[in-house]
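Q: Residue numbers (the working numbering): 545 to 808.
By construction, the Cβ of each residue, glycine as well, lies at the ideal position given by its N, Cα and C atoms.
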């Protein structure tokens, strides 16, 4: 998972949503029900500790989370992941409000997931509550808030809230080993750099399916970063090269690379 920006897409407000009974619910991803329709949503801006790991990708994420929070014992990530899930369930015990542009949040949930902002019955932003109580880090896809706040200001504010939560030893921060935090985060950055080097040096085998590729697969195309990958995903389906013109400020060279690597 990475920090990226979701551009465009008008937010739709859903009042009176409720938390649906779903085995895959956790702190930052859960199924909601609104007007008799169910949808799994993924919160913008935050990343909660995992509750379990069933794939190699999950295991890598758990390791990265442990490094971020300065935890030598990676198994404790699951403990706080369950606490985060319980916290979210309690915050959403009463009907709440959802803002979503239905941007694809990927994942393995049946029917897919969409990114969303969630406001509790008490008027609090759920993502902020999770960070303030030490159950999430400021990390993930970002966009303008429902009240019009620019994503950079919103991210900076959430980063500050994370710092405060760490200083107060809220939630998962109680398990932080300050003597190893710098070392563990340095290891995380090194691993990311090594993976990026491998990805950038590997030749793309066969065309990429632009309508099914993950954000990571799209970023294998030269010139495509997190923001452009997020925009491509949000605009899908993309049926021709002309559809790429809907991506604001897309360099012609990057457009040519996309066309070449996807066979548009």
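1) If you run the structure through DSSP and keep just helix, strand and coil, what is residue 763?
2) Reducing DSSP to helix, strand and coil, say where residue 716 ends up.
3) Does the distance from the C-beta atom of residue 809 to that of residue 631 stay below 8 Å?
4) Locate the alpha helix (DSSP H) running through residue 604, then write down its first and last residues.
5) What whole-angstrom Cβ distance do residue 791 and residue 780 have, given they're in contact under 8 Å?
6) Counting beta carbon pairs with one atom in the stretch 656-671 and one in the stretch 603-617, are three or more of them shorter than 8 Å?
7) In or out: residue 596 buried (at least 16 other Cβ within 10 Å) or exposed?
8) Report yes or no: do the stretch 723-742 and the stretch 606-615 share at least 3 C-beta pairs separated by less than 8 Å?
9) Is residue 642 helix, strand or coil by DSSP?
10) At which residues does the alpha helix (DSSP H) containing residue 670 begin and terminate?
11) Apply the 10 Å Cβ neighbour rule to residue 763 and answer buried if 16 or more other Cβ atoms are within range, or exposed otherwise.
12) Short of 8 Å in beta carbon distance, which residues of its chain neighbour residue 702, apart from the five on each side in sequence? Order them along the chain.
A: According to the structure shown:
1) coil
2) helix
3) Here the chain has residues from 545 to 808 only, and residue 809 is not among them.
4) 600-612
5) The Cβ separation is near 12 Å, so there is no contact.
6) no
7) exposed
8) yes
9) strand
10) 670-676
11) buried
12) 589, 590, 671, 672, 675, 682
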